[in-house]
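Novice: First the structure, which I've put down as structure tokens, then a few questions once you've had a look.
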Amino acid sequence: MPSDTPPPFKRHDPTAWTRTLAYRDRAVLPYDGAAYPIAATLMLDATVYIDAQRPGRLPAEIAARIATAPLLHSAVALAELAADLGMLDPGHPNTPVVRTAIEATLHRIAPERVVAPSAEAWAEGAVIAGTLARTQALARGDRRKLLNDALIFLTAWEANAVLISRNKNDIDLLLRFRPDVQVLLYDVG
Amino acid sequence: MRGVKQRKAPSAKRGTTGSDATRALTRSRVAFAIDALAKRGATRGARSHKLSVRVDPGLIAAARARLGERSDTELVTAALAVLAGGDEFGAWLVSQAGRLPADFELAF
Chain A
37 MPSDTPPPFK RHDPTAWTRT LAYRDRAVLP YDGAAYPIAA TLMLDATVYI
87 DAQRPGRLPA EIAARIATAP LLHSAVALAE LAADLGMLDP GHPNTPVVRT
137 AIEATLHRIA PERVVAPSAE AWAEGAVIAG TLARTQALAR GDRRKLLNDA
187 LIFLTAWEAN AVLISRNKND IDLLLRFRPD VQVLLYDVG
Chain B
318 MRGVKQRKAP SAKRGTTGSD ATRALTRSRV AFAIDALAKR GATRGARSHK
368 LSVRVDPGLI AAARARLGER SDTELVTAAL AVLAGGDEFG AWLVSQAGRL
418 PADFELAF
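Put into structure tokens, the structure is as follows:
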């Protein structure tokens, strides 16, 4: 149905992005947890589920927030976890441990806490990822990865949640297009 | 338009006291629990069940301090909602440190 609001695929003008974007200094990126109230709803990037289960990877302040805050889960991030169940080498000695950990993680997530990107987010995220694939001259495999990142990023916005991530470079790029998305970055230990 | 009908979490703004922030967090967790129960179809949308119980008044005072000033009905509703629909996933997740090999990374 026609409306006055531009459709999501017109929200950004790809022709306005002609140069390779340089990554910005850490100081201007959202690393300050105090910027968000402790009651803020969180959404976790895919790597957070892994960092939390590796030894000593998640900073204490991030772990404390995750332990207490209301959480939502991106269907895209969970798909990245589930993809590993298929990717794991059945003959590798670590596979049983990793498989058990990922299955336990997926099993414990309440279905009503899982949020999928809307059709609008798919369209907008695809335009952003396509634009960045060109400006950053991304390899074919990295383009899909960035599309996933864009979908998780926009899903957090749609759910009014703060996205927790350690993906500094991709988040830096995505924030150029949508600086209104709430993100809290962290460094791994 | 945001595609997900999520309520705005009651927010503790920067500069509020620690107990204000804790109350905001508690209210947010209660709201999430009620929302989860509704999505599961566990609630009926009406406060029609009358309950008369005897409880330790200290328990009521402690719960009220945690939640902020609320009626007995709201306190009991909050307690039941967290009991029935609370989400402990975050606490569980961060308790799993060391479960995965140190060098493990997602393939995708």
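As they're listed, the protein sequences go chains A and B. The first sequence begins at 37 in the numbering used here and counts up by one. The second sequence begins at 318 in the numbering used here and counts up by one. Cβ coordinates follow ideal geometry from the N, Cα and C atoms, glycine included. Model, not experiment: these values are computed from the prediction.
1. What are the start and end residues of each continuous alpha helix (DSSP H) run of 4 or more residues lying completely inside the region 145 to 222 of chain A, in chain order?
2. Less than 8 Å between CB atoms is the rule here; does Thr104/A satisfy it with respect to chain B?
3. What residues from chain A crowd round Gly415/B, counting only those whose CB sits closer than 7 Å?
4. Taking the beta carbon of Ala353/B as the centre, do at least 16 other beta carbons fall within 10 Å, making it buried, or is it exposed?
5. Return the bridge partner residues of Ser110/A from the DSSP annotation.
6. So Leu114/A and Leu142/A are in contact, right, with Cβ under 8 Å, and what is the actual spacing, rounded?
7. Which bits of chain A does Ala341/B rub up against, with CB to CB less than 8 Å?
8. Given a cut-off of 8 Å, decide if Ala338/B and Ala75/A are closer than it, judged by their beta-carbon atoms.
9. At a CB distance below 7 Å, what residues from the region 346 to 367 of chain B approach chain A? Give them in sequence order.
10. Leu80/A by DSSP, collapsed to three states: which one?
11. Counting only the same chain and skipping the five closest in sequence on each side, list residues whose C-beta sits under 6 Å from that of Gly385/B.
12. Extract the residue ranges of the alpha helix (DSSP H) inside the region 335 to 420 of chain B, only unbroken runs of 4 or more that lie entirely within it.
13. What's the gap between the Cα of Lys322/B and the Cα of Ser345/B?
14. Thinking C-alpha only, which one of Leu190/A, Lys204/A, Arg176/A is nearest Ser110/A?
15. Closest by CA to Thr171/A, which one among Pro44/A, Arg144/A, Asp40/A, Thr51/A?
16. Checking 8 Å against the spacing of the C-beta atoms, do Asp87/A and Val219/A come in under that value?
17. According to DSSP, simplified to helix, strand and coil, what is Arg62/A?
18. Return the first residue and the last residue of the alpha helix (DSSP H) that Arg101/A is part of.
19. How many angstroms separate the CA atom of Glu391/B from the CA atom of Asp125/A?
20. Do Arg149/A and Asp373/B have their CB atoms nearer than 8 Å?
21. Quick one: grab the DSSP three-state call for Ala115/A.
22. Report yes if the C-beta distance between Ala169/A and Leu182/A is below 8 Å; otherwise report no.
23. Ile86/A versus chain B: which residues are under 9 Å apart at the beta carbon?
24. Assign Val151/A to buried or exposed, taking buried as 16 or more other Cβ atoms, counted over all protein chains shown, within 10 Å of its Cβ.
25. Quick check on Ile145/A - is its C-beta less than 8 Å from some C-beta in chain B?
Specialist: So, from the listed chains and residues:
1. 155 to 171, 176 to 194, 204 to 213
2. To locate residue 104/A, count along the first sequence from 1; it is residue 68. At least one chain B Cβ lies under 8 Å of Thr104/A.
3. By 1-based counting over the second sequence, the position of residue 415/B is 98. Within 7 Å Cβ-Cβ: Pro91.
4. Counting from 1 along the second sequence, the entry for residue 353/B is found at position 36. By the 10 Å Cβ count, Ala353/B comes out buried.
5. The residue you call residue 110/A lines up with position 74 of the first sequence. Ser110/A is bridged to Val151/A.
6. Along the first sequence, read from residue 1 onward, the residue named residue 114/A stands at position 78. Along the first sequence, read from residue 1 onward, the residue named residue 142/A stands at position 106. Indeed, because the Cβ distance is near 6 Å, the residues count as touching under 8 Å.
7. Here residue 341/B is taken as the residue at index 24 of the second sequence, counted from 1. What Ala341/B touches in chain A, judged by beta-carbon distance under 8 Å, is Pro73, Ile74, Ala75, going in chain order.
8. Against the first sequence, residue 75/A aligns to sequence position 39. Against the second sequence, residue 338/B aligns to sequence position 21. In this structure, Ala338/B lies closer than 8 Å to Ala75/A by Cβ.
9. Cβ proximity to chain A below 7 Å picks out Arg346, Phe349, Ala353, Lys356, Arg357 from the region 346 to 367 of chain B.
10. Counting from 1 along the first sequence, the entry for residue 80/A is found at position 44. The answer is strand: DSSP assigns Leu80/A an E or B state.
11. Start at 1 with the first residue of the second sequence, and residue 385/B comes out as number 68. Only Arg340 meet the Cβ criterion.
12. 335 to 356, 374 to 384, 389 to 402, 406 to 411
13. Position 5 of the second sequence, counting from 1, holds the residue named residue 322/B. Position 28 of the second sequence, counting from 1, holds the residue named residue 345/B. Any reading at Lys322/B is ruled out, since the residue's pLDDT is 43, under 50, leaving its predicted position unreliable.
14. Taking the first residue of the first sequence as 1, we reach residue 110/A at position 74. Ranking the options by Cα distance to Ser110/A, first place goes to Leu190/A.
15. Within the first sequence, residue 171/A is the residue found at index 135, counting from 1. If we check each option's Cα against that of Thr171/A, Thr51/A comes out closest.
16. Position 51 of the first sequence holds residue 87/A. Position 183 of the first sequence holds residue 219/A. In this structure, Val219/A does not lie closer than 8 Å to Asp87/A by Cβ.
17. On the first sequence, position 26 is the one that residue 62/A refers to. Helix.
18. As a position in the first sequence, residue 101/A is number 65, starting the count at 1. It spans 96 to 104 - the alpha helix (DSSP H) in which Arg101/A sits, taken as one unbroken run.
19. Here residue 391/B refers to the residue found at position 74 when the second sequence is read from its first residue. Here residue 125/A refers to the residue found at position 89 when the first sequence is read from its first residue. Cα to Cα, the separation comes out at about 52 Å.
20. Here residue 149/A corresponds to residue number 113 of the first sequence, with the count starting at 1. Here residue 373/B corresponds to residue number 56 of the second sequence, with the count starting at 1. Against a cut-off of 8 Å, the Cβ pair of Asp373/B and Arg149/A comes out as no contact.
21. For the purposes of this step, residue 115/A is identified with residue 79 of the first sequence, where counting begins at 1. In the structure shown, Ala115/A sits in a helix (DSSP, three-state: H, G or I).
22. Taking the first sequence and counting its residues from 1, one reaches residue 169/A at position 133. Taking the first sequence and counting its residues from 1, one reaches residue 182/A at position 146. Yes; because the gap between Cβ atoms is below 8 Å, this pair is in contact.
23. Along the first sequence, one-based indexing puts residue 86/A at 50. Simply Leu417, Phe421, Glu422, Leu423.
24. Mapped onto the first sequence, residue 151/A falls at position 115. With 16 or more Cβ atoms within 10 Å of its Cβ, Val151/A is classed as buried.
25. Against the first sequence, residue 145/A aligns to sequence position 109. Ile145/A counts as touching chain B.
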